[in-house]
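See structure below.
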Ligand SMILES: [Fe+2]
């Protein structure tokens, strides 16, 4: 059962018994909202088989380790959707502490321990499968994650769009069905987007109807639209990307 939770609810789960209220059910999804930087991380996976993944972790890794334990899930993968430019990712530290694989897009030029994924690769989490979509735009290496819970359907249920925010690669996102939920990695206040909504979640269908970038079919016009009013890079962007790629300490 899909149950989006806010940070307060997540904390109450963490304070609970070692086997949380969701142990034994199928899909588990925990969003974690952050304000510095503005970002959303996710723990999700298969409660039935007790395995999951963390996407775009920020800050204290204990938060994710405790949430995974409370949900009865072992973290198999820690995935960064892209090389972040506004904060130091917690991905490597979390993967190391959890004994998980740290996953980045194949286009990343980096150092240190990580595994790479390409467009259409599939990561298995028990009854949950995660298809990698290469969605360049925000950054060249950016990937989105299309998630299917096979206990519910053999069709995708939601897509984690990181900072692609629906418009990094319209061609790919347009191909998704309207009912697919969109779970981005940022919301209003993020330095990584323009005029973002304070409501972080949406659907492909709603964005298709109401997102200005989505309504542009002609490639040159889309490039013009996306190139206008680009936010200034956050302070130290190049250095942070080097650290996150493992190329600098
Ligand atoms: Fe970003």
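Numbering (our numbering), first residue to last: 342 to 590.
Backbone N, C-alpha and C define an ideal beta-carbon position, used for all residues, glycine too.
Keep in mind it's a predicted model, so treat the numbers as computed, not measured.
For residue j and residue i, believed in contact at Cβ under 8 Å, the rounded distance
{"i": "residue 442", "j": "residue 418", "result": "5 Å"}
{"i": "residue 531", "j": "residue 378", "result": "7 Å"}
{"i": "residue 469", "j": "residue 387", "result": "5 Å"}
{"i": "residue 539", "j": "residue 504", "result": "Not confirmed; about 16 Å, so no contact."}
{"i": "residue 394", "j": "residue 471", "result": "7 Å"}
{"i": "residue 422", "j": "residue 484", "result": "6 Å"}
{"i": "residue 399", "j": "residue 431", "result": "6 Å"}
{"i": "residue 424", "j": "residue 480", "result": "6 Å"}
{"i": "residue 592", "j": "residue 391", "result": "No answer is possible for residue 592: the residues shown for the chain start at 342 and end at 590."}
{"i": "residue 570", "j": "residue 549", "result": "The pair is not a contact, with the Cβ atoms about 22 Å apart (cut-off 8 Å)."}
DSSP three-state assignment for residue i, whether helix, strand or coil
{"i": "residue 520", "result": "coil"}
{"i": "residue 442", "result": "strand"}
{"i": "residue 551", "result": "helix"}
{"i": "residue 496", "result": "coil"}
{"i": "residue 391", "result": "coil"}
{"i": "residue 546", "result": "helix"}
{"i": "residue 567", "result": "helix"}
{"i": "residue 369", "result": "strand"}
{"i": "residue 396", "result": "strand"}
{"i": "residue 485", "result": "strand"}
{"i": "residue 384", "result": "strand"}
Counterpart residues of residue i in DSSP-defined beta bridges
{"i": "residue 464", "result": "471"}
{"i": "residue 457", "result": "445"}
{"i": "residue 419", "result": "395 and 443"}
Chain C within 8 Å of residue i, Cβ atoms only
{"i": "residue 551", "result": "The structure shown contains no chain C; it holds only a single protein chain."}
**Prompt:** Hey, is the stretch 445 to 461 in contact with the stretch 472 to 483, meaning 3+ C-beta pairs nearer than 8 Å?
**Reply:** Here the stretch 445 to 461 makes contact with the stretch 472 to 483; the two share three or more CB pairs at distances below 8 Å.
**Prompt:** Do the stretch 578 to 590 and the stretch 560 to 567 meet, that is, are 3 or more Cβ pairs less than 8 Å apart?
**Reply:** Verdict: no, contact absent.
**Item:** By C-beta, the residues closer than 5 Å to any heavy atom of ligand 1, given in chain order
**Value:** With the cut-off at 5 Å, the residues found are 504 and 533.
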